[in-house]
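Note that UniProt numbering gives residue 259 to position 259 of the sequence shown, counting from 1, and the numbers run on in steps of one.
Single-structure report; data block below.
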Amino acid sequence: MFAESTQYSTAHYYAAAGALLVAYYLVPYLRDPHEYRRRFSGPWLASFSGSWLSRSASSGHHYQNILKAHEKYGKFVRIAPNHISIADPDALEEVYGHSNGLLKSEFYDAFITVDGNRNTFSIRDKAIHTAKRKRIANIFSPQNIVAFEPRVRIHIQRFCEQLDMRCEQAAMGASGFNWTAKNGRAVLNSCPQFAYLTFDLISDLALGVPFGLVEAQKDSTPTFLSLTSEKNVQGISPIRLVAASGQAGLVLGSYSSWVQKILLRAPWQIPRFFIFRDFASYTHAAVDASISKKEKEKEQEANERGTGNRR
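Structure follows, in C-alpha cells:
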C-alpha cells in the first residue's frame, strides 16, 4: 500500500515538473505583448528556448549556422527567445550606437570573469560603461593610432619574412614542420599564421610585451609570462584558450542569468569552468608581465641617469 502510494506521488511530482517546464517555455511565447517571439522568423526551437543557439555555438560552426539561417529567413532572424540576429549594415548605428538607449541583455553575464569583474564588453550598466570607455578613449585617438603604425609594421615585416623564408626553401624543394613544398611553392595553413600575427600585435599594443608567436611558429605561452607572474600559465595555448573561452561564453550566454549560474556548476560544464579560470589566470599573468617590464625600464632609466650624473 505504501509502495503504491509512493509510486503514485512520484508520478505526480514528475507530471507537475513536466507541466511547469512546458509552462516556463510556452507561457512567455503566448503572452508576448509585442509578439517579438512570433513576429521574427527563425528556427522554431529558438522561439521557446536558447537551446538552438547553445547547440549552434557548441558545434564549432556557429557563424555558418547563422549565415544559413539568414539565407533562409532574411535579414532579421530569431536565434533565441530574446536574441535576434540582424544582417543589415543600415542597422549598425541603431544597434551599436552608444546613445541609442538600448541595453545589453543577460547574454553578456556569461562573460563576467570568475572573480566577478566586468569589462567594457560585459558591463551592462550604461553609466559604468561610459566611465570605463572614457578611461580608454584616448588610446583610440587618431594621434595614438598613427603612433602605433611603426610597431605594427615591425610585426608585419617579421610575418612576411617567415613567409618569404618558406617560399625560398620551397623553391629549392625543401619542406618544413608546418609547410610542404609543391611544384616549387610553399603550401601551408594560413589561418594559424594570421592568428600568430594577431596575437603578437595585440600583446604588443595592449601590453607592450609581444608574445613572439610568429617567430616561435606555435601556439604556446612565452616563457617570460610564467617567470614574471605567480600564475601558472605554462603549457596553456593562448590562441586555443581565447577561442575556447569565447565559445564557452556563447554557449552559456544563450540562457538567462540564473540558468547560466546553474549550468556553470553542472558536472558536464566543468571543462568550461576551467576554461574561464585559465583565461582569468592568463590575463593576470599578461598584465603582471607588462607591469614588470615597465618597472625594469624605469629602473634602467634611473641607473642610466645616475651613471650620467657621476660622469
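For each residue, glycine too, the CB sits at the ideal point set by N, CA and C.
Under a three-way DSSP split, which group does residue i fall into?
| i | result |
| --- | --- |
| F224 | helix |
| R135 | helix |
| R185 | strand |
| S59 | helix |
| F199 | helix |
| G42 | coil |
| Y282 | helix |
| D164 | helix |
| R124 | coil |
| A302 | helix |
| E215 | helix |
| Y255 | coil |
| Q234 | coil |
| residue 325 | Only positions 1 to 311 of the chain appear in the structure, and residue 325 is not among them; the question remains open. |
| F273 | helix |
| R158 | helix |
| P210 | coil |
| K68 | helix |
| R153 | helix |
| N100 | coil |
| A266 | coil |
| S105 | coil |
| A3 | At A3 the pLDDT is 49, less than 50, meaning the model places this residue with poor confidence and gives no usable figure here. |
| S141 | coil |
| F194 | helix |
| S229 | coil |
| S47 | helix |
| K296 | helix |
Sort out for me which residues DSSP pairs residue i with in a bridge.
| i | result |
| --- | --- |
| V77 | S85 |
| W179 | G176 and L188 |
From what residue to what residue does the beta strand (DSSP E) around residue i run?
| i | result |
| --- | --- |
| A110 | Note, A110: premise wrong, no beta strand (DSSP E); not H, not E. |
How would you call residue i, buried or exposed, if buried means at least 16 neighbouring beta carbons within 10 angstroms?
| i | result |
| --- | --- |
| T223 | exposed |
| R39 | exposed |
| V95 | exposed |
| H155 | buried |
| A17 | exposed |
| S141 | exposed |
| L102 | exposed |
| D125 | exposed |
| Q157 | exposed |
| V214 | buried |
| residue 362 | Outside the displayed span of the chain (1 to 311) sits residue 362, for which this structure offers no information. |
| A171 | exposed |
What are the start and end residues of the alpha helix (DSSP H) that includes residue i?
| i | result |
| --- | --- |
| D219 | That residue, D219, is in no alpha helix (DSSP H); it is neither H nor E in DSSP. |
| N118 | The identity of residue 118 in the sequence shown is Arg, whereas the question assumes Asn. From DSSP, R118 is part of no alpha helix (DSSP H); its letter is neither H nor E. |
| V95 | L92 to Y96 |
Measuring only between beta-carbons, confirm whether residue i sits less than 8 Å from chain B.
| i | result |
| --- | --- |
| F111 | The structure shown has no chain B; it contains just one protein chain. |
Item to check | Validate contact between the stretch 178 to 197 and the stretch 157 to 168 using beta carbons, cut 8 Å, 3 pairs | outcome: yes
Item to check | Meets three-Cβ-pair contact criterion under 8 Å: the stretch 242 to 253 and the stretch 45 to 57 | outcome: yes
Next on the checklist: Across the stretch 191 to 210 and the stretch 254 to 272, are there enough close Cβ pairs to call them in contact, namely three or more that are closer than 8 Å?
Outcome noted: no
Checklist entry - Would you say the stretch 272 to 285 touches the stretch 127 to 143, given that touching needs at least three Cβ pairs under 8 Å? => result no
Item to check | the stretch 72 to 89 / the stretch 277 to 284 touching (three or more Cβ pairs under 8 Å) | outcome: no
Item to check | Three or more C-beta pairs below 8 Å linking the stretch 281 to 292 and the stretch 227 to 245 | outcome: yes
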